[in-house]
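Data first, discussion second: the structure below is written as structure tokens.
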Amino acid sequence: MSQTTPPAAPHPLCAVYDPLLPLLSFGELEASEKQAVLIHAATCDWCQHQLAAYDRLSAALYQMAAPEESAALSSLTLEDVMDASEQSPSTPSPSTAPGSQTPRRYPGRAAGLMAVVASLLLVALAGTIFAIHGFPKSKLTSRSSATPSTGKSSPNLVVSQFALSTASSSTTGITVGPDHDLWFIDSGTNSIGRMTASGQVTEYPLPSSYRCDLHEAEITTGADGALWFVEAGYTGYAAAIGRITTSGQIREYPLPGNAARPLSIVAGPDGALWFTENSVGSIGRLTTGGRFSRFAIPSQAFAPSFSPTPVDITTGPDRALWFTDASTNAIGRITTDGVVKEYPVPTAASGLEAVTTGPDGALWFTEKTAGRIGRITTEGQMTEYPLPTGSRPLNITVGPDRALWFTESSPSQFAGSKIGRITPQGSITEFALPDQYAFSPTYIVTGPDRALWLTDYGNSPIGHISIGG
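Take a look at the structure:
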């Protein structure tokens, strides 16, 4: 961790782990969170650089401290540092009521040192947050509030909607690009869309011989700084993996045979693109140079009558790829060498959909048919959390508040106007979106402004949800 210059751009998972780095440096993370951050930082140059900056601030504090102040400084926490920045050495200690906790005080010079370090820490944090998330300003077509329909203590949500210019638009997968813009798939117009920080939308049409799936198609940022997406190849169209640069140059990589039906794609820990091939029961791998490999998912003894049908895929904290397998009702794991293992979900016929890596170092997934959110550790220990309303969870992502956020549909339709939130401890809140939004949220991602962005497979709008306290 001796880097002095940051890499060109952070990894997409840095948005999850970056807020935890100063807490790690000050020793304030729980064991599970600490392990997850360390595993990620071990292979991430960006987070190594940021963590080194926090460590240097801590070291500088000790070097500047006098010997008699070392004992006081040795047990300080991040909260102590921030509190000290508001204390003046000449200000008398406030009186406290009986039984209340006395504010922690340090020698005048130590408090002054901590104030300096706090200021530097805030500068470092601000620079990191800006580099990863940006601060875009967009033109809103409408805005309202959403209130929780379940849950005792919940954040306030402000919901906005951005209408696309083409009436036939139908948006699916969405991600944050290396340029900090939002990139999405518009299967209605068979285009790749880009929304800039100012709210300007540009769409890049795909070649006529390829087509994205109408309901399920994902896009991700590759290690080469381009966007990669799946083209399912249904109804006579060729199946392919697509690549688009931030300047709009498109190239397709046809998959062997037209029956693969790729649905989900993610950048793997080896720098290649990994994707699910739903119709042929395989996991595909494509290097950024165009070299293709296919790994068949073996039949499972716990589901001998079913052929594997992988749906969603994500990079796990253990440098393996994790995926949902709808037919075998299992969560799968594949190493970069192609070794596959599947873990059966306790609830039968759960209707597995999406999977993502949580801030706690576990994998979180949605069970559409069963109306549950699932969690599995990298060792295979599984827990399920039923939704209070019985809704059907679809896509899931890590929010800016270190909770998991997911889209929901009603039992009678594919999508609906509701989103949910679950903490790593399993506390669930569901939010009904305002009635004026004819909106069917499907895919969800944390955007460059640390808000949630939603796509709608049945309509053209893109949704935006800012999270308040």
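Letter by letter, the sequence shown follows residues 0 to 468 in numbering that gives the first Met the number 0. Backbone N, C-alpha and C fix where the C-beta goes; we use that ideal spot for every residue, glycine too.
Element boundaries [beta strand (DSSP E), containing residue i]
i	result
Ile461	Ile461 to Ile466
Thr396	Arg391 to Val397
Phe274	Leu272 to Glu276
Glu378	Where Glu378 is concerned, there is no enclosing beta strand (DSSP E), given that its DSSP letter is neither H nor E.
Val310	Pro309 to Thr314
Leu497	It is not possible to answer for residue 497, since the shown part of the chain is limited to 0 through 468.
Lys367	Neither: Lys367 is in no beta strand (DSSP E) and is coded neither H nor E.
Ser292	Phe291 to Ala295
Arg284	Ser281 to Leu285
Thr406	Leu403 to Ser408
Gly419	Lys417 to Ile421
Secondary structure of residue i, DSSP reduced to three states
i	result
Asp336	coil
Pro21	helix
Leu386	coil
Ala477	Limits of the chain in this structure are 0 at one end and 468 at the other, which puts residue 477 out of reach.
Ser51	A small correction: the amino acid at residue 51 is Ala; Ser does not occupy that position in the sequence shown. Residue state, collapsed to three classes: helix.
Asp324	strand
Ala361	coil
Asp448	coil
Ala431	strand
Ala329	strand
Ala40	helix
Thr95	Residue confidence for Thr95 is low, a pLDDT of 40 falling below 50, so the modelled location carries little weight and cannot support an answer.
Ala70	Any reading at Ala70 must be qualified, since the residue scores a pLDDT of 49, below 50, and its modelled position is unreliable; no value is offered.
Pro135	Residue confidence is low: Pro135 scores 35 on pLDDT, short of 50, so the model does not pin down where it sits. Its coordinate-derived value is still stated next. Coil.
Of the residues the options, the one placed nearest residue i, counting alpha carbons only
i	options	result
Val529	Thr313, Thr335 and Ala319	The requested residue 529 does not occur in the structure, where the chain is confined to residues 0 to 468.
Ala271	Ile418, Leu50, Leu226 and Asp455	Leu226
Glu378	Glu429, Pro392 and Gly315	Gly315
Gly198	Ser292, Tyr456, Gly446 and Gly467	Gly446
Thr275	Ser186, Phe294 and Gly389	Phe294
Phe405	Ile372, Thr170, Glu383 and Ala319	Ile372
Ile375	Asp317, Ile264 and Gly247	Asp317
Ser298	Gln160, Thr287, Leu285 and Ser281	Ser281
Ser246	Thr195, Ala259, Phe301 and Gln160	Thr195
Asp455	Ala216, Pro177 and Ala52	Ala216
Phe228	Trp273, Thr334, Ile296 and Gly187	Trp273
Thr388	Gly467, Glu429, Gly337 and Arg193	Glu429
Phe305	Asp324, Ala319 and Gly288	Asp324
Thr356	Pro21, Thr382, Trp45 and Val397	Val397
Ala319	Asp359, Asp336, Ala329 and Met381	Asp336
Asp448	Ile296, Gln248 and Pro399	Pro399
Ala258	Ala231, Glu407 and Met381	Ala231
Pro423	Thr171, Ser408, Asp359 and Leu453	Asp359
Gly462	Gln47, Leu19, Leu163 and Ala52	Leu163
Glu341	Ile243, Ser349 and Pro307	Pro307
Ile240	Gln380, Pro303 and Ser263	Ser263
Leu238	Gly256, Gly224, Arg284 and Ala222	Note that residue 238 is Ala in the sequence shown here, rather than Leu. Of the candidates Gly256, Gly224, Arg284 and Ala222, the one whose C-alpha sits nearest the C-alpha of Ala238 is Gly256.
Asn496	Arg260, Gly267, Gln47 and Ile249	Because the chain spans 0 through 468 in this model, residue 496 falls outside it and cannot be assessed.
Thr327	Trp321, Val338 and Ser349	Ser349
Leu386	Ala266, Phe364 and Gln380	Phe364
Residue i: CB within 6 angstroms of a non-hydrogen atom of the ligand ZN
i	result
Leu272	For the structure depicted, the ligand ZN is absent and the ligand set is empty, with no information on it obtainable.
Whole-angstrom C-beta distance between residue j and residue i, which should lie under 8 angstroms
i	j	result
Ile421	Leu403	5 angstroms
Val310	Leu351	6 angstroms
Thr220	Thr174	6 angstroms
Ile546	Tyr384	This structure gives no information on residue 546, because the portion of the chain shown stretches from 0 to 468.
Ile191	Leu181	Not really, about 11 angstroms apart at Cβ, beyond 8 angstroms.
Val157	Ser465	5 angstroms
Thr441	Leu362	At roughly 20 angstroms, the Cβ-Cβ gap does not stay under 8 angstroms, so Thr441 and Leu362 are not in contact.
Glu202	Asp185	6 angstroms
Pro460	Phe161	6 angstroms
Gly425	Glu407	In fact, because the Cβ distance is near 17 angstroms, the residues do not count as touching under 8 angstroms.
Lys367	Arg391	5 angstroms
Thr346	Ala369	5 angstroms
Beta carbon proximity, residue i to chain C, threshold 7 angstroms
i	result
Ile464	No chain C is part of this structure, which consists of one protein chain only.
Check: Which residue spans inside the segment 151-209 form an unbroken beta strand (DSSP E) run of at least 3?
Finding: List check, beta strand (DSSP E) in window: 156-161, 170-175, 181-185, 190-194 and 200-204.
Next item on the list: May I have a chain-ordered list of the alpha helix (DSSP H) segments no shorter than 4 residues that lie completely inside the segment 216-262?
Entry: Secondary structure within the segment 216-262: not one fully enclosed alpha helix (DSSP H) run of 4 or more consecutive residues is present.
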